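Colleague: Numbering (this note's numbering), first residue to last: 12 to 208.
Shown next as structure tokens:
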């Protein structure tokens, strides 16, 4: 192993030892407990339910570690739960973008057509390349929330309140998912670290 690789390995090991020390007495037991609580967070995220209780318990365990504590704090605004990817996909499938604002609807034919459109929705299929909403739906069916958000973000102004609400909820889901993954990775690294010398 070259000197740079050895230095990186030693730096990582020192960081793990420092984190274990910051977790205090019973560090290994606390790390194992943190791993279980992160699993509870992951389960709540999969169900779309509240994760306030496991998040509070996790905050109590990792409060001495700045990095882990910041990750926990990042999740607090969403502790009541975020929508599942499946629920977001279903909402997006039912979403119809609003038309231009302020359009005059003063004749009975326009009002009748609008009423009929509110009862029946006709959507093109197979044109995802030129239809951002269809592309977003396709991405959600593939489980790619981040790309669906990026695809639909440019439409947020003209898409209306329904799209704005969907984007808000989708970004919340994405943030919580990313933060949970970072917590899992950090705790897994702590569990895999060799015991203190």
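By construction, the Cβ of each residue, glycine as well, lies at the ideal position given by its N, Cα and C atoms.
Computed from a predicted structure; not experimentally measured.
#1: Curious, which full-length beta strand (DSSP E) runs of at least 3 residues does the stretch 158 to 191 contain?
#2: With H, G and I counted as helix, E and B as strand and the rest as coil, what does DSSP make of residue 42?
#3: To the nearest angstrom, how far is it from the Cα of residue 111 to the Cα of residue 169?
#4: Check whether the stretch 157 to 171 and the stretch 69 to 84 are in contact - that is, three or more C-beta pairs closer than 8 Å.
#5: Which of the three DSSP states is assigned to residue 60 in this structure?
#6: Give the straight-line distance between the Cα atoms of residue 152 and residue 100, rounded to the nearest whole angstrom.
#7: On the three-state DSSP scale, how would you describe residue 84?
#8: Given residue 98, which residues of its chain have a CB within under 8 Å of its CB, disregarding the five upstream and five downstream residues?
#9: Assign residue 199 to buried or exposed, taking buried as 16 or more other Cβ atoms, counted over all protein chains shown, within 10 Å of its Cβ.
#10: For residue 65, which residues in the same chain have their Cβ closer than 6 Å to its Cβ, ignoring the five residues on either side in sequence?
#11: Determine the extent of the alpha helix (DSSP H) in which residue 97 is found, giving its start and end residues.
#12: Under a Cβ-count criterion, where at least 16 other Cβ atoms within 10 Å of its own Cβ denotes burial, should residue 147 be classed as buried or exposed?
#13: State buried or exposed for residue 202, treating a residue as buried only when at least 16 other CB atoms are found within 10 Å of its CB.
#14: The alpha helix (DSSP H) spanning residue 108 covers which residue range?
#15: Measure the alpha-carbon distance for residue 149 versus residue 63 and round it to whole angstroms.
#16: So residue 90 is in the alpha helix (DSSP H); what residue range does that whole segment cover?
#17: Could you give the DSSP three-state label for residue 11: helix, strand or coil?
#18: On the premise that residue 108 lies in contact with residue 178, defined as a C-beta separation below 8 Å, what is that separation, rounded to the nearest angstrom?
#19: What does the alpha-carbon distance come out to for the pair residue 93 and residue 187?
Modeller: Walking through what the data contain:
#1: Listed in chain order, there is nothing to give.
#2: Note: residue 42 maps to helix in three-state DSSP.
#3: Here residue 111 scores only 41 on pLDDT, less than 50, and its place in the model should not be relied on; the value that follows carries that caveat. Those two C-alpha atoms are separated by around 7 Å.
#4: Too few Cβ pairs lie closer than 8 Å, so no.
#5: Secondary structure of residue 60 (DSSP, three-state): coil.
#6: Rounded to whole angstroms, residue 152 to residue 100 spans 7 Å at the Cα level.
#7: Helix.
#8: Result list for residue 98: 59, in chain order.
#9: Per the 10 Å Cβ criterion, exposed.
#10: Excluding sequence neighbours, residue 65 sits near 48, 51 and 52.
#11: For residue 97, the uninterrupted alpha helix (DSSP H) segment begins and ends at 96 to 105.
#12: Residue 147 is buried by the Cβ-count criterion.
#13: Burial check for residue 202: the Cβ neighbour count within 10 Å stays below 16, so the residue is exposed.
#14: Judged by DSSP secondary structure, residue 108 falls outside any alpha helix (DSSP H); it is assigned neither H nor E.
#15: Their backbone Cα atoms lie some 32 Å apart in a straight line.
#16: First-last for residue 90: undefined, no H or E at that position.
#17: This structure leaves residue 11 out entirely; the chain is present only between 12 and 208.
#18: Between residue 178 and residue 108, the beta carbon gap of about 12 Å keeps them out of contact (Cβ cut-off 8 Å).
#19: Going by the C-alpha atoms only, they are around 8 Å apart.
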